[in-house]
Every structure is written in structure tokens, then in C-alpha cells.
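So for the sequence shown, our numbering puts the first residue at 23; every next one is plus one. Glycine is no exception: its CB is placed at the ideal position from the N, C-alpha and C atoms.
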Amino acid sequence: MSEWIREQGTVLSVEGYAARVRIERRSTCGSCSARTGCGSGVLSEVLGRKAVEVSIGHPGSLQPGDTVTLGIRDQALVSGALAMYLLPLAGLVAAPALLMLVVPGLGEGFHLLVGALGFAGGLLGVRAWLRRRAPDLAPVLLERHPATGTHRAAAPMAAPRP
């Protein structure tokens, strides 16, 4: 895997060391031969290409109108997706299974209820995990392309002084 997942965006506004950036969603569905039979292709046609706006920290060199390259570490994205799918699924399956082991004679309705509670518990687990990992999942400024057309690598942000 590459180290960063990169996306380009346009700086909308700058306040101090924070900037609001708009990222246009791109899809590669137009170049794929399976676009008519693929769920992603159908969804992208129905939902359209909506822009996403994010806030990023920067070293103070951004101006509205600049084009920037943002990045998210690929390992953080993969682990986040894995947690989003597996924790709720594990709760959905494990909670009724444990109930069957502890109280074997209960009816099906109890198992359904406990499965739903396990799923909700898994979602709460995802929420807690995402809060703990929020800094790893935040987009980072990788490159700055000023509106004048010159290209500059983004300067590393200095740690705040106490």
C-alpha cells in the first residue's frame, strides 16, 4: 500500500491556522467496464458528485483560492473501515450466541432483541474507537499549489508552545 491517500481541494476560507477546504468527489466509474452492473456506479449516478468540505490545520501559508493536496494515511483509513464493519457485526452475532450459551431455553424474540442490542453496542464501540483515533483520521495538508500557479510542499506545522 502507498503511505497516503491523496485528494486535491480548493481553499475556501482561512482563519488563523485553520482552513476550510472543498473537495470535489471523483469517481473512476467512467473508465470501468462493469459500471452498469456495479452498485457504486449506480449510486454515484443517483447521488451525483457532491462536494465535501473539511477543516484542516496549516502552517499559516494558505490563501483562499489556493489548490491543496490533502492526505489521509492509508493504514488509518483501512483500520477505520474495518472497525466500522466488524464491530457492529460482531455485536450482532456474538450477543445472541452468548445468550444461547448462558440461557439455552429462551425464545427467538429474545435472541433478536439481544442481537439488536449487540449491534447497537458495536456502533457505540465504533464511536468510542473513532473518537480515540480522530487525529489519525483527520486530513493533513501535504502540498500547496498557490493560485499564482507555483508549486510548494507544505511546511511542517510546529507544535504549539506551552
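- Whole-angstrom distance between LEU159 and GLU29, CA atom to CA atom: The residue given as residue 29 occupies position 7 in the sequence shown. The residue given as residue 159 occupies position 137 in the sequence shown. Between the alpha carbons of GLU29 and LEU159 lies a gap of roughly 14 Å.
- Query: Around the C-beta of ARG166, are 16 or more other C-beta atoms found within 10 angstroms, so that it is buried, or is it exposed?
  - Reply: Taking the first residue of the sequence shown as 1, we reach residue 166 at position 144. Answer is buried; the Cβ neighbour count reaches 16.
- Hey, out of VAL76, LYS72, MET122, TRP26, whose CA is closest to ALA41's CA? Taking the first residue of the sequence shown as position 1, residue 41 is located at position 19. Here the closest residue by C-alpha is VAL76.
- Please confirm whether LEU92 and GLY38 have their CB atoms less than 7 Å apart. By 1-based counting over the sequence shown, the position of residue 92 is 70. By 1-based counting over the sequence shown, the position of residue 38 is 16. No, Cβ-Cβ distance for LEU92 and GLY38 is not below 7 Å.
- Message: Contact defined as beta carbons within less than 8 Å: I believe GLY144 pairs with ALA98. What is the distance between those atoms, to the nearest angstrom?
- Response: Counted from its first residue, the sequence shown places residue 144 at position 122. Counted from its first residue, the sequence shown places residue 98 at position 76. The C-beta distance from GLY144 to ALA98 rounds to 20 Å, too long to meet the 8 Å contact threshold.
- Query: Are VAL148 and LEU109 closer than 7 Å when you measure CB to CB?
  - Reply: Position 126 of the sequence shown, counted from the first residue, corresponds to residue 148. Position 87 of the sequence shown, counted from the first residue, corresponds to residue 109. Here VAL148 is near LEU109, since their CB atoms are less than 7 Å apart.
- Item | Euclidean distance between Cα positions of VAL162 and HIS133 | Here residue 162 refers to the residue found at position 140 when the sequence shown is read from its first residue. Here residue 133 refers to the residue found at position 111 when the sequence shown is read from its first residue. In this structure, the straight-line span from the alpha carbon of VAL162 to that of HIS133 is close to 44 Å.
- Task: Ignore the nearest five residues each way along the sequence and tell me which others in VAL136's own chain have a CB closer than 6 Å to its CB.
- Result: Within the sequence shown, numbered from 1, the residue matching residue 136 stands at position 114. ALA117, PRO118, LEU121.
- Cβ pair VAL43, ILE78 closer than 7 Å: In the sequence shown, residue 43 corresponds to position 21, counting from 1. In the sequence shown, residue 78 corresponds to position 56, counting from 1. With a cutoff of 7 Å on beta-carbon distance, VAL43 and ILE78 are scored as near each other.
- Message: Relative to the C-alpha of VAL90, which candidate in LYS72, VAL36, GLU25 has its C-alpha closest?
- Response: By one-based count along the sequence shown, residue 90 stands at place 68. Taking each of LYS72, VAL36, GLU25 in turn and checking the Cα distance to VAL90, the smallest one comes out for VAL36.
- Straight-line gap, HIS80 to VAL33 (C-alpha atoms, nearest Å): On the sequence shown, position 58 is the one that residue 80 refers to. On the sequence shown, position 11 is the one that residue 33 refers to. One alpha carbon belongs to HIS80, the other to VAL33, and they sit about 11 Å apart.
- Query: From PRO126, TRP26, ARG154, LYS72, pick the residue whose C-alpha is nearest to that of GLU46; which is it?
  - Reply: The residue labelled residue 46 in the question sits at position 24 within the sequence shown. The residue with the shortest Cα to Cα distance from GLU46 is LYS72.
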